[in-house]
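Chains as they are written, first to last, in the numbering used here: chain W, 1 to 317; chain D, 318 to 634. Input: a single structure, listed below in structure tokens.
2 protein chains.
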Amino acid sequence: MMSHTSPDLMTVLGDLSAKVDARLNQLLPPTTNAPAELHEAMRYSALAPGKRLRPALVLLASQAVQGNEQAALDAGCALEMIHAFSLIHDDLPALDNDDLRRGVPTCHIKFGEAVALLAGDALFALAFEVLAELPLPAAQVVEILKVTAKCVGSQGLVGGETIDILSEGKPVSKETLDQIHIRKTAALIAAACEIGALTTTPPDGGVGERQRTGGAVVISDQPNSSRATLRTYGESIGLAFQIADDVLNETATAEQLGKAVGSDRERGKATYPALYGLEESKAKALELAAQAAELVQTFPNAETLQAVAQYSVLRLN
Amino acid sequence: MMSHTSPDLMTVLGDLSAKVDARLNQLLPPTTNAPAELHEAMRYSALAPGKRLRPALVLLASQAVQGNEQAALDAGCALEMIHAFSLIHDDLPALDNDDLRRGVPTCHIKFGEAVALLAGDALFALAFEVLAELPLPAAQVVEILKVTAKCVGSQGLVGGETIDILSEGKPVSKETLDQIHIRKTAALIAAACEIGALTTTPPDGGVGERQRTGGAVVISDQPNSSRATLRTYGESIGLAFQIADDVLNETATAEQLGKAVGSDRERGKATYPALYGLEESKAKALELAAQAAELVQTFPNAETLQAVAQYSVLRLN
């Protein structure tokens with residue numbers, strides 16, 4: 001079912017990530033603007049070394065539906081800002097109290113707690129500003145804003161982080177662990193794929209979901225089914241990535257992780273290996289990646305999307 | 318120039334505030350949804366006793382242009398959520414470290430720092446979700462989202478709070494003080510008035526600002542000029558409110574304030590009385606309120622808008 005990992009996936013992701021960083025650099029306020037410290041902190045966190053997985057997925061999902069590349073690039077940058085906002089807040093002493101992130105000092109270690117907290121807030125606001133300016137028909141922009149706001153709120157990212165924090169040091173059921181991982185990680189990755197699918201304009205100018213009821217023409221159902229398919233693909237690889245991260249937090253070296261090994265366990269965090277064991281966790285991640293790869297086989301860039309699915313669990317092999 | 322304070326302004330504001338609280342209660346997630354603690358904290362802060370000035374201004378500005386009342390109510394609730402988000406984060410120990418707000422314990426005193434920080438984030442996200450669902454043409458919704466995102470970001474609320482925090486205990490110029498007050502307080506109040514003006518659909522389906530260049534028809538300029546006028550009105554009363562608050566922080570009793578008297582001064586915060594003296598501060602606030610009142614005299618609900626301008630400085634008399 002799953003194609004072999006494309007030998008040049010790293011080239012593809014590297015090219016996308018370079019485009020994203022160049023655009024992020026333009027979209028983030030310059031440090032010559034006041035307040036300079038705030039803009040330095042925003043840039044420090046949003047431009048920190050990273051895979052830029054979420055923007056890459058917006059761009060790849062957009063390619064899958066022949067979407068508007070400029071809109072996909074900007075939407076991807078907005079999601080990267082939201083990702084950076086959530087990492088800054090999660091790292092604060094009141095939450096995870098982490099000093100290192102991706103191998104470098106976290107935002108509050110570098111800029112102090114006050115500026116870090118506010119830089120997170122400002123990145124969140126900037127993300128919505130960028131999304132509201134997307135070069136797409138207004139109905140598509142509104143739909144993208146809905147998907148984004150939902151995936152961040154109390155039913156998404158922030159809700160997942162809350163359950164995670166409140167569960168520390170307590171026995172956690174498998175259902176609760178799934179809720180944490182789906183909301184904290186998979187929600188934003190699924191949104192990235194769904195938003196990529198929304199960067200194309202359906203034939204009647206509608207927005208996918210509304211077409212099912214109105215559509216007498218068969219082709220008008222296509223954007224909707226692409227949207228749902230790419231969303232499910234994103235949910236699966238998002239969860240696969242998070243399970244793989246949990247496994248690596250136990251098995252990798254500190255150098256590979258950019259932070260202390262087993263730090264989740266020491267903090268009493270619920271993890272897949274703690275509840276399912278290492279082997280079952282690995283099997284679950286591999287199964288999710290395989291399901292994701294199967295979903296996207298009819299898209300024009302199926303090989304790349306399938307390679308990303310494989311990449312989500314590559315480090316486990 | 319300024320009409321006498323309408324004797325029933327308190328009745329008008331009371332009625333609007335009751336409508337807003339009823340709608341906020343519907344829009345906020347129930348505490349029966351997980352995570353319950355997060356939803357309790359969101360509701361505690363967003364429904365805490367308060368004037369609901371921002372939603373009231375959205376509704377009054379919407380009435381001024383015969384806008385859509387349901388859209389104005391929901392947009393007002395979204396701005397109240399953003400106001401609550403900014404108060405929760407400002408009160409945190411890393412920023413202002415306040416234990417009391419509106420006479421009751423602040424969110425982090427009641428729910429702990431982790432949940433308070435996340436409740437602020439979740440209210441911010443929910444505000445954008447509510448705005449994206451507004452019952453207005455998509456082009457108007459996008460315009461409202463742009464105005465909102467800009468007024469919160471590093472050039473608005475969050476930027477103002479950053480300059481405020483970084484200026485504590487340092488000599489501050491009058492220009493810097495204006496920047497703090499304009500961004501921290503006036504930006505969101507100006508946005509409330511501008512958004513109210515955007516709840517009406519212009520004759521050609523456009524969004525105000527774009528009409529100036531395209532409009533051969535004279536009437537199509539009307540929404541644009543209302544939008545700009547109501548925004549300027551909001552900026553003036555926003556700044557008047559903040560200066561009045563600075564003055565009251567020095568002269569009122571703790572019971573009137575719901576917090577300690579002179580707390581801003583003790584913290585080394587820049588305030589109008591500290592830079593201009595009490596008398597000049599009062600005069601500046603009264604002048605701004607008079608300017609605001611003059612601006613709105615041609616609107617159908619001019620008397621109410623003018624009464625709100627007077628109310629912004631009423632406590633100074």
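Virtual Cβ for every residue (Gly too), placed ideally from N, Cα, C.
Would you tell me roughly how many angstroms separate the C-alpha atoms of residue i and residue j, rounded to the nearest one?
i, j, result
"D:Val-625", "W:Leu-157", "39 Å"
"W:Ala-186", "W:Asp-91", "19 Å"
"D:Leu-612", "D:Leu-374", "15 Å"
"D:Ile-512", "D:Gln-387", "13 Å"
"W:Leu-316", "W:Tyr-272", "14 Å"
"W:Leu-136", "W:Ala-197", "13 Å"
"W:Ser-226", "W:Gly-67", "12 Å"
"D:Val-535", "D:Cys-510", "Below a pLDDT of 50, predicted positions are generally treated as unreliable, and D:Val-535, at 35, falls in that range; no measurement from the model is reported."
"D:Gly-525", "D:Glu-460", "Confidence is the limiting factor: at D:Gly-525 the pLDDT is only 47, short of 50, which leaves the residue's position unreliable, though a coordinate-based value still follows. One C-alpha to the other measures close to 9 Å."
"W:Asn-33", "D:Ser-484", "16 Å"
"D:Gly-551", "W:Leu-73", "35 Å"
"W:Leu-126", "D:Asp-438", "14 Å"
"D:Gly-486", "W:Gln-291", "58 Å"
"D:Thr-328", "D:Ala-335", "11 Å"
"D:Lys-463", "D:Ala-545", "15 Å"
"W:Asn-97", "D:Cys-424", "20 Å"
"W:Glu-161", "W:Asp-246", "15 Å"
"W:Val-141", "D:Thr-517", "20 Å"
"W:Val-326", "W:Phe-299", "Missing from the structure shown is residue 326 of chain W; chain W here goes from 1 to 317 and no further."
"W:Thr-31", "W:Arg-43", "8 Å"
"W:Gln-155", "W:His-181", "12 Å"
"W:Tyr-311", "D:Pro-410", "41 Å"
"D:Ala-456", "W:Ala-302", "34 Å"
"D:Glu-450", "W:Ser-62", "24 Å"
"D:Val-489", "D:Asp-481", "10 Å"
"D:Phe-428", "D:Pro-422", "10 Å"
"D:Leu-326", "W:Cys-151", "40 Å"
"W:Leu-117", "D:Thr-568", "32 Å"
"W:Gly-205", "W:His-83", "Because the pLDDT at W:Gly-205 is just 43, under 50, the model does not fix this residue reliably, and the value given afterwards should be weighed accordingly. For W:Gly-205 and W:His-83, the distance between alpha carbons rounds to 30 Å."
"W:Gln-179", "D:Ala-508", "36 Å"
"W:Asp-264", "W:Arg-231", "28 Å"
"W:Gln-297", "W:Ile-189", "19 Å"
"D:Ser-598", "D:Glu-583", "19 Å"
"D:Ala-339", "W:Glu-113", "36 Å"
"W:Arg-183", "D:Gly-470", "25 Å"
"D:Glu-354", "W:Lys-51", "33 Å"
"W:Val-95", "D:Leu-412", "Correcting the residue type first, residue 95 of chain W is Leu in the shown sequence and not Val. Cα-Cα distance, rounded: 16 Å."
Do residue i and residue j have their CB atoms nearer than 7 Å?
i, j, result
"W:Met-81", "W:Leu-16", "no"
"W:Asp-99", "W:Ile-109", "yes"
"D:Ala-363", "D:Leu-341", "yes"
"D:Gly-393", "D:Val-337", "yes"
"D:Val-630", "D:Ala-610", "no"
"W:Leu-248", "W:Leu-60", "no"
"W:Ala-41", "W:Ala-119", "yes"
"D:Lys-491", "D:Leu-595", "no"
"D:Pro-346", "D:His-356", "yes"
"D:Leu-344", "D:Val-432", "no"
"D:Ala-561", "D:Leu-494", "no"
"W:Val-54", "W:Leu-79", "A small fix is needed here, since residue 54 of chain W is Arg in this sequence, not Val. Going by C-beta atoms, W:Arg-54 is nearer than 7 Å to W:Leu-79."
"W:Pro-35", "D:Gly-585", "no"
"D:Phe-402", "W:Phe-128", "no"
What does residue i pair with, by DSSP beta-bridge criteria?
i, result
"W:Leu-100", "W:Pro-105"
Would you call the region 223-239 of chain W in contact with the region 273-291 of chain W, where contact means no fewer than 3 C-beta pairs closer than 8 Å? yes
Taking only runs that begin and end inside the region 328-369 of chain D, name each unbroken alpha helix (DSSP H) of 4 or more residues, in chain order. 353-363
Ignoring anything shorter than 3 residues or poking outside the region 102-185 of chain W, list the beta strand (DSSP E) runs there in chain order. none
Tell me the start and end of each unbroken alpha helix (DSSP H) in the region 274-312 of chain W that is at least 4 residues and wholly inside, in chain order. 278-295 and 302-311
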